[in-house]
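Peer 1: My structure is below; once you've seen it, I'll send some questions.
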Amino acid sequence: MAQPVLQVQNLTTRFHTRNGVVRAVEDVSFDLNQGEVLGIVGESGCGKSVTCYSMMGLIPQPPGRIEAGSAVLDGQIDLLKASEREMNAIRGKRISMIFQDPMTSLNPYLRISTQLIEPLQLHEKLSKKAAIERGVEALKEVGIPQAEERIHFYPHEFSGGMRQRVMIAMAMITQPDILIADEPTTALDVTVQAQILELIRQRQQANGSAVILITHDLGVVAGLCDRILVMYAGRVVETGTAHEVFKKARHPYTIALQRSIPSLGTKGKPLYTIPGLPPDLSKPIPGDAFALRKGIVSGGKWDHTPPPMVQLSETHWVRESDCELPSLEEVLREC
Amino acid sequence: MSFPKSLSPSSKRLPTVEIQLDQIEEGTSLWQDAWRRLSSNRLALISFWLLVAMVLFCFVGPLLTSYSYRTPNLDNALQGPSWAHWFGTDDLGRDQLTRVMKGGQISLGVGILATTVSLIIGVLYGATAAYLGGKIDNAMMRFVDVLYALPFTIFVILLMTLFERSILLLFLVIGAVEWLTMARIVRGQVISLKRQEFIEAAVSMGLSTRRIIVRHLIPNVLGVVAVYATLTVPAVMLLESFLSFLGLGVQPPMPSWGSLIKLGADNLQLYPYLLVIPALFFSLTLFCLNFLGDGLRDALDPQSSKD
Amino acid sequence: MFKFILYRLLQTLLVLWVIVTVTFFLVRLAPGDPFSAERSMPSHVKERLMQHYGLDQPAWVQYGNYVSSLLQGDLGPSYTQSRNVNQILAQTFPVSLELGAWALLIALCIGLPVGVVAAVYRNTRLDYVPMSMAMVGICLPTFVLGPLLALFFGVWLNWFNVSGWFGPHDRVLPALTIGLVYAAVIARITRGGMLEILTRDFIRTARAKGVPFHTIIFKHTLRGGLLPVVSYMGPALAGVISGSFVVETIFQIPGLGREFVSSAFNRDYTLVLGTVIVYAALITLANLLVDIVQVLLNPRIRFEDS
Chain A
345 MAQPVLQVQN
355 LTTRFHTRNG
365 VVRAVEDVSF
375 DLNQGEVLGI
385 VGESGCGKSV
395 TCYSMMGLIP
405 QPPGRIEAGS
415 AVLDGQIDLL
425 KASEREMNAI
435 RGKRISMIFQ
445 DPMTSLNPYL
455 RISTQLIEPL
465 QLHEKLSKKA
475 AIERGVEALK
485 EVGIPQAEER
495 IHFYPHEFSG
505 GMRQRVMIAM
515 AMITQPDILI
525 ADEPTTALDV
535 TVQAQILELI
545 RQRQQANGSA
555 VILITHDLGV
565 VAGLCDRILV
575 MYAGRVVETG
585 TAHEVFKKAR
595 HPYTIALQRS
605 IPSLGTKGKP
615 LYTIPGLPPD
625 LSKPIPGDAF
635 ALRKGIVSGG
645 KWDHTPPPMV
655 QLSETHWVRE
665 SDCELPSLEE
675 VLREC
Chain B
5 MSFPKSLSPS
15 SKRLPTVEIQ
25 LDQIEEGTSL
35 WQDAWRRLSS
45 NRLALISFWL
55 LVAMVLFCFV
65 GPLLTSYSYR
75 TPNLDNALQG
85 PSWAHWFGTD
95 DLGRDQLTRV
105 MKGGQISLGV
115 GILATTVSLI
125 IGVLYGATAA
135 YLGGKIDNAM
145 MRFVDVLYAL
155 PFTIFVILLM
165 TLFERSILLL
175 FLVIGAVEWL
185 TMARIVRGQV
195 ISLKRQEFIE
205 AAVSMGLSTR
215 RIIVRHLIPN
225 VLGVVAVYAT
235 LTVPAVMLLE
245 SFLSFLGLGV
255 QPPMPSWGSL
265 IKLGADNLQL
275 YPYLLVIPAL
285 FFSLTLFCLN
295 FLGDGLRDAL
305 DPQSSKD
Chain C
523 MFKFILYRLL
533 QTLLVLWVIV
543 TVTFFLVRLA
553 PGDPFSAERS
563 MPSHVKERLM
573 QHYGLDQPAW
583 VQYGNYVSSL
593 LQGDLGPSYT
603 QSRNVNQILA
613 QTFPVSLELG
623 AWALLIALCI
633 GLPVGVVAAV
643 YRNTRLDYVP
653 MSMAMVGICL
663 PTFVLGPLLA
673 LFFGVWLNWF
683 NVSGWFGPHD
693 RVLPALTIGL
703 VYAAVIARIT
713 RGGMLEILTR
723 DFIRTARAKG
733 VPFHTIIFKH
743 TLRGGLLPVV
753 SYMGPALAGV
763 ISGSFVVETI
773 FQIPGLGREF
783 VSSAFNRDYT
793 LVLGTVIVYA
803 ALITLANLLV
813 DIVQVLLNPR
823 IRFEDS
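Residue numbers (my numbering), protein chains in the order written: chain A, 345 to 679; chain B, 5 to 311; chain C, 523 to 828.
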């Protein structure tokens with residue numbers, strides 16, 4: 345198999361705040377292969393965004409600190425140990441990012457053109473004129489009409505969906521190897537969400553980039569991702585191909601997440617919600633974090649150490665759990 | 005926190021009850037909480053005690069000295085600091101220590117009283133505008149905007165030169181300048197509170213308007229007002245001393261820190277102690293008031309201090 | 523944009539007219555008259571003088587005359603000096619203008635960089651030390667700082683003259699007196715504005731694009747971060763003017779500020795009005811300029827208005 349474009353190993357990021365140490369990301373490992381779409385799924389606060397920000401060097405330090413791990417790009421550069429200078433050469437060129445809220449992610453004081461062509465000027469040393477031409481091209485590719493005029497507009501003259509299109513154009517303009525999309529559709533209207541996801545997929549296929557798609561919505565990753573990483577309380581609980589995670593899910597949290605997707609066929613039935621709240625990460629969690637939420641506190645197998653990951657197939661790994669495992673049939677019956 | 009292994013129905017309800025208790029406790033201890041935060045701010049605490057000392061010095065001190073702040077004693081004029089006159093004597097031979105104390109009385113007194121005047125006008129005006137809302141609110145605040153645009157120091161100086169100078173006029177003039185900001189702040193606060201969810205929650209829970217105003221609006225506005233008032237006192241003292249420096253404020257023989265500094269400035273070549281001592285007292289007081297105000301703001305509104 | 527400027531210009535003229543009118547009647551409402559200072563003046567001489575200057579006419583007639591001559595650019599005669607008001611202003615205003623310009627220059631040249639550095643290196647020594655000094659600066663108003671500077675650098679070190687306005691040497695202390703106070707305020711405002719922008723999401727976007735640190739500061743942050751400073755320039759100018767009243771008295775500078783204070787004392791009606799008009803025009807024009815710059819810097823306002 346070809347060399348993965350990104351190999352993350354044992355990434356651990358903590359925030360040292362006044363109210364204690366928040367263990368945002370604990371011992372996270374995964375590979376990202378060339379041209380694949382990897383979904384990272386979990387509720388808010390489970391560490392999926394922090395994982396990606398850590399790789400990008402965007403964690404505010406202090407209070408954040410990357411305690412351990414590596415994130416190796418191309419088998420060569422460890423992003424976690426690269427200097428700011430090296431990172432600046434990588435960010436926006438090799439790895440790009442789009443963010444959750446397109447309303448605040450664009451600088452309101454600068455024209456779209458200025459912001460859009462900045463990566464080209466920085467990384468490809470293009471002249472302004474050439475860069476603008478590429479910028480117009482990029483805007484057309486993400487489906488913005490009258491791109492020649494609109495490129496000179498300010499962000500507030502665009503709607504939310506349009507701004508996210510601009511963000512995508514800006515991220516893809518240097519044809520990066522990796523695109524990290526941090527909940528790209530969460531802040532958008534439902535009608536626009538599908539368009540933006542389709543656009544991401546289309547740009548990804550045109551450029552051959554790999555994509556990390558962070559979302560709390562399993563429905564979003566279902567159609568889009570090749571592989572899925574499920575995170576809970578800062579740890580990976582299950583990973584596998586989309587097929588494996590959807591059809592052969594083994595971790596109770598993955599199953600619970602699936603059950604909470606609203607579907608069109610089940611009118612009149614109350615929607616499943618996962619009881620309780622994700623745990624407080626500012627205190628160490630000794631055993632199975634999800635079991636804790638279910639009210640199973642002691643007497644389980646994993647009272648003192650985090651349960652280990654178990655390999656089920658070449659691609660499918662799952663973390664053991666103290667929770668009883670509802671079979672998929674049972675879930676399907678309920679739906 | 006550890007939960008019992010098996011949750012009986014009755015113990016299952018425990019956590020929610022606990023949460024409610026927490027919230028109630030937080031509601032009533034807003035001021036205690038603020039006090040705790042304030043007392044952990046060392047600079048603000050030092051400022052507070054220094055101010056207490058300053059007030060004692062200015063208001064109790066004159067009772068302990070044997071000199072008068074007003075009776076001239078020309079034989080004794082412009083003596084440097086000595087055992088008899090710790091801060092020396094002024095151009096008319098009066099004890100400078102007593103005059104600094106008396107001047108402090110005036111400066112602090114004007115500061116506090118004029119702040120109170122501006123506070124009352126500002127709070128009433130701002131709260132009325134916010135309460136009435138709509139067009140009246142708009143008109144009232146436009147009026148404030150217009151007043152804001154006027155070059156106020158110039159009018160203050162005009163008023164103080166043209167009309168017979170008195171402490172009363174001083175209060176009126178200073179109060180007239182300072183209430184504007186207070187009105188704006190109070191209005192903004194009331195309006196934002198009116199929209200906030202906990203007021204809506206109180207309404208939906210069937211609390212009476214009176215109770216909402218007494219229990220929720222006033223305590224919340226009070227915090228902001230307290231902070232701003234603490235910061236207005238130094239601003240007022242600054243304006244008073246500015247006017248007194250120009251000879252437009254407090255009239256002799258009554259001293260104010262501003263007029264003492266003016267005397268020092270006029271004689272700085274030969275008698276620098278006349279300048280340095282009142283300047284020190286004045287600046288120290290402003291310093292403490294500003295730090296205390298900042299500390300209060302941080303204590304009452306932790307979010308604003310996050311930067 | 524053009525419409526906006528025109529609208530604000532009209533508003534400015536309206537404010538100016540209000541100020542002229544209020545001042546005109548305020549001055550006349552006050553007890554005493556320009557000649558009451560000289561008690562020995564016989565009453566018939568005084569009557570003749572009043573008649574000569576038209577001060578015996580009803581107030582509204584005087585007002586009409588004043589406004590009509592004002593529109594022709596004539597500010598009238600001074601009642602206490604031999605020169606007319608236009609001449610006095612022409613002589614004293616440039617002095618105050620120069621003082622104010624130096625002061626603002628000092629305030630900006632110190633305040634802006636200090637504020638930016640403090641914001642960028644927040645919660646480090648580069649933040650705490652200058653910001654504590656700024657706090658000291660704010661608590662030392664012009665009338666305290668001025669004499670202290672004069673005492674220290676003028677009397678003790680003997681580097682500068684304690685008073686006068688002759689060589690370039692004499693500009694230093696007065697300009698510093700006003701400038702340092704406002705440098706402190708500007709530093710605090712700059713720091714606040716920069717911090718506000720630096721924590722926004724779009725700064726993270728810029729970092730994710732690989733924009734180097736200095737470009738983030740200069741290109742992405744400064745523009746929004748300095749907006750509060752721009753809007754502070756109006757009040758700052760008003761503050762510099764009132765500072766000039768004090769500083770011109772302390773250092774005995776023949777400027778407009780001293781003229782204003784003494785003319786108000788002497789009830790020199792036309793001179794008071796003349797100085798007030800100059801100050802008011804200066805302040806309102808500065809406010810207008812500030813508004814325009816603000817609109818230019820902030821695209822969002824720009825489009826809402828047009």
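All C-beta atoms, glycine included, are put in the ideal place defined by N, C-alpha and C.
Given the structure is predicted, the values throughout are model-derived calculations rather than measurements.
#1: Given that C/Tyr601 touches chain B, what residues does it touch there, using C-beta distances under 8 angstroms?
#2: Just by C-beta distance, which residues in the segment 466–490 of chain A are closer than 8 angstroms to chain C?
#3: Contact between the segment 432–444 of chain A and the segment 517–534 of chain A: three or more CB pairs below 8 angstroms?
#4: Among residues of its own chain, excluding the 5 on either side of A/Val349, which ones have a beta-carbon nearer than 8 angstroms to its beta-carbon?
#5: Using three-state DSSP, classify A/Trp661 as helix, strand or coil.
#6: Is the shortest distance between the beta-carbon of B/Gln27 and the beta-carbons of chain C less than 8 angstroms?
#7: Give me the chain A residues within the contact set of C/Val638, using Cβ-Cβ distance strictly less than 8 angstroms, ordered along the chain.
#8: What are the boundary residues of the alpha helix (DSSP H) that C/Met657 is part of?
#9: Can you check which of these residues, B/Leu166, B/Val56 and B/Thr119, is closest to C/Asn788 by C-alpha distance?
#10: By the criterion of Cβ-Cβ separation under 8 angstroms, what are the contact partners of C/Met657 in chain B?
#11: Residues of chain B with a CB under 7 angstroms from the CB of C/Cys661: which are they?
#12: Using three-state DSSP, classify B/Gly115 as helix, strand or coil.
#13: Thinking C-beta only, is C/Met716 closer than 8 angstroms to C/Gly637?
#14: Short check: CB of B/Leu290 to CB of B/Met241, under 8 angstroms?
#15: For C/Phe615, which residues in chain D fall below 8 angstroms Cβ to Cβ?
#16: Is the Cβ of C/Ala705 closer than 8 angstroms to any Cβ of chain B?
#17: Determine, using beta carbons only, whether C/Ala672 and C/Ile772 come nearer to each other than 8 angstroms.
#18: Grouping DSSP H, G and I as helix and E and B as strand, with all else coil, what is A/Asn363?
#19: Quickly, what does DSSP pair C/Phe773 with across the bridge? List them, please.
#20: Which residues in chain C sit within 9 angstroms of B/Ile116, going by Cβ to Cβ distance?
#21: DSSP state of A/Ala415, grouped into three classes?
#22: Do B/Gly107 and B/Trp261 have their beta-carbon atoms positioned less than 8 angstroms apart in this structure?
#23: What are the partner residues of C/Phe546, as DSSP defines its beta bridges?
#24: Are C/Ile708 and C/Leu634 closer than 8 angstroms when you measure CB to CB?
#25: I'd like the span of the alpha helix (DSSP H) that includes A/Arg478, first residue to last.
#26: Would you say B/Leu82 faces chain C, with C-beta separation under 8 angstroms as the test?
#27: Among the candidates B/Val114, B/Arg188 and B/Val127, whose CA atom is the shortest distance from the CA of B/Val149?
#28: State yes or no: is the beta carbon of B/Ile161 nearer than 8 angstroms to at least one beta carbon in chain C?
#29: Express the C-alpha separation of B/Leu151 and B/Ile195 in angstroms, rounding to a whole number.
#30: Just to confirm, are C/Leu793 and C/Val607 a CB contact at a threshold of 8 angstroms?
#31: Following the continuous beta strand (DSSP E) through A/Asp526, name the residue where it begins and the one where it ends.
#32: Express the C-alpha separation of B/Leu197 and A/Pro596 in angstroms, rounding to a whole number.
#33: Say whether chain C places a C-beta atom closer than 8 angstroms to the C-beta of B/Gln193.
#34: Helix, strand or coil, according to DSSP, for B/Ile28 in the structure here?
#35: Which residues of chain A have a Cβ atom closer than 8 angstroms to the Cβ of C/Phe767, listed in chain order?
#36: Please list the partners that C/Phe682 has in chain B, where partner means a Cβ-to-Cβ separation under 7 angstroms.
Peer 2: Inspection of the coordinates gives the following:
#1: Going along chain B, no residue has its Cβ under 8 angstroms from C/Tyr601, so there is no contact; the nearest lies around 14 angstroms.
#2: Leu466 and His467
#3: yes
#4: Leu376, Asn377, Gln378, Leu417, Asp418, Asp521, Ile522 and Ala554
#5: strand
#6: Note that B/Gln27 scores a pLDDT of 39, beneath 50, so its modelled location is shaky and nothing firm can be said.
#7: Per Cβ cutoff of 8 angstroms: no residues; C/Val638 is ~16 angstroms from chain A at best.
#8: Arg647 to Ile660
#9: B/Leu166
#10: Phe291, Asn294 and Phe295
#11: Ser287, Leu290, Phe291 and Asn294
#12: helix
#13: yes
#14: yes
#15: The structure shown contains no chain D; its protein chains are A, B and C.
#16: no
#17: yes
#18: coil
#19: DSSP output for C/Phe773 lists no bridge partner at all.
#20: Result: empty, since nearest Cβ-Cβ is about 18 angstroms, beyond 9 angstroms.
#21: strand
#22: yes
#23: C/Phe546 is not bridged to any residue.
#24: yes
#25: Lys472 to Glu485
#26: no
#27: According to the sequence displayed, residue 149 of chain B carries Asp and not Val. For the residues B/Val114, B/Arg188 and B/Val127, the minimum Cα distance to B/Asp149 belongs to B/Arg188.
#28: yes
#29: 22 angstroms
#30: yes
#31: Ile522 to Asp526
#32: 44 angstroms
#33: no
#34: Any answer about B/Ile28 is weak, because its pLDDT of 39 lies below 50 and its placement is not dependable; what the coordinates show is given next. Helix.
#35: Those within 8 angstroms of C/Phe767 in chain A number zero; the least Cβ separation is about 38 angstroms.
#36: Per Cβ cutoff of 7 angstroms: no residues; C/Phe682 is ~13 angstroms from chain B at best.
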